[in-house]
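K.L.:
Questions regarding the structure given below will be posed in turn.
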């Protein structure tokens, strides 16, 4: 796995991306003007690289409080989008050197983050997608979050067109969204599918 500092980062570009991403969130009314100002300030702060190190070494699980030391609750989300281009480039290099077929764990082999999405191939195999660096790796059926592999404790829901599925673990109550590549007639699109299925997140949180 790549430790923080082992991959190149252009901090000038990261600062620009933080500002641009923050502005997009503001235009979409995801954040208010006060949060926008806090995030802009955090992006200009001299401690940005250290904040990024903390974020990288201690990734948050969904719904987990970002902590009192963070400039804003949206900070981890903004920073993840800003750092993603550099992590993706690193992952592309590292995954050419190793065989991920034997990894089989529920967290990313490159950056140790949790999966953001998954896919079911035409053969029925399950693939996980890292939420930070977009590395993909095979995973046996089960819960990647708590390593519970008893499929009897997994509840699966599907959209009407069968393109997307959601698997919820009865043990840890976490869920994973997946694309059925055969029903979709295409491969997983890491920048599209997680966003296109946001209504599924809302439904799972209400249910």
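Residue numbers (the working numbering): 3 to 209. We treat Cβ as the ideally placed atom computed from N, Cα and C, and that holds for glycine.
(1) So what does DSSP say about residue 196, is it helix, strand or coil?
(2) Give the DSSP bridge partners of residue 182, in chain order.
(3) For residue 118, count neighbouring Cβ atoms within 10 angstroms of its own Cβ and tell me buried if that reaches 16, exposed if not.
(4) Counting beta carbon pairs with one atom in the segment 86 to 103 and one in the segment 137 to 157, are three or more of them shorter than 8 Å?
(5) Label residue 180 either buried or exposed according to how many other C-beta atoms from any shown protein chain fall within 10 Å of its C-beta, with 16 as the threshold for buried.
(6) With residue 28 as the anchor, note down where its beta strand (DSSP E) starts and where it stops.
(7) Do the segment 37 to 56 and the segment 13 to 24 meet, that is, are 3 or more Cβ pairs less than 8 Å apart?
(8) Excluding five sequence neighbours on each side, which residues of the same chain lie with their C-beta closer than 8 Å to the C-beta of residue 81?
(9) Measuring straight from C-alpha to C-alpha, what distance separates residue 8 and residue 163?
P.N.:
The structure says:
(1) Numbered from 1 along the chain shown, position 194 holds the residue referred to as residue 196. Reduced to three states, the DSSP call for residue 196 is helix.
(2) Looking up residue 182 in the chain shown gives position 180. Residue 182 pairs with 122.
(3) Here residue 118 corresponds to residue number 116 of the chain shown, with the count starting at 1. Buried, since its Cβ has 16 or more Cβ neighbours within 10 Å.
(4) As far as the Cβ criterion goes, the segment 137 to 157 touches the segment 86 to 103, which means the pair count is three or higher.
(5) Translated into the one-based positions of the chain shown, residue 180 becomes position 178. It is buried - the Cβ of residue 180 has at least 16 other Cβ atoms within 10 Å.
(6) Sequence index remark: in the chain shown, residue 28 carries index 26 (1-based). Segment 13 to 29 is the alpha helix (DSSP H) holding residue 28; no beta strand (DSSP E) there.
(7) yes
(8) Residue 81 sits at position 79 when you count from the first residue of the chain shown. 20, 53, 54 and 57, listed in sequence order.
(9) Walking along the chain shown from the start, residue 8 turns up at place 6. Walking along the chain shown from the start, residue 163 turns up at place 161. Roughly 43 Å between the two C-alpha positions.
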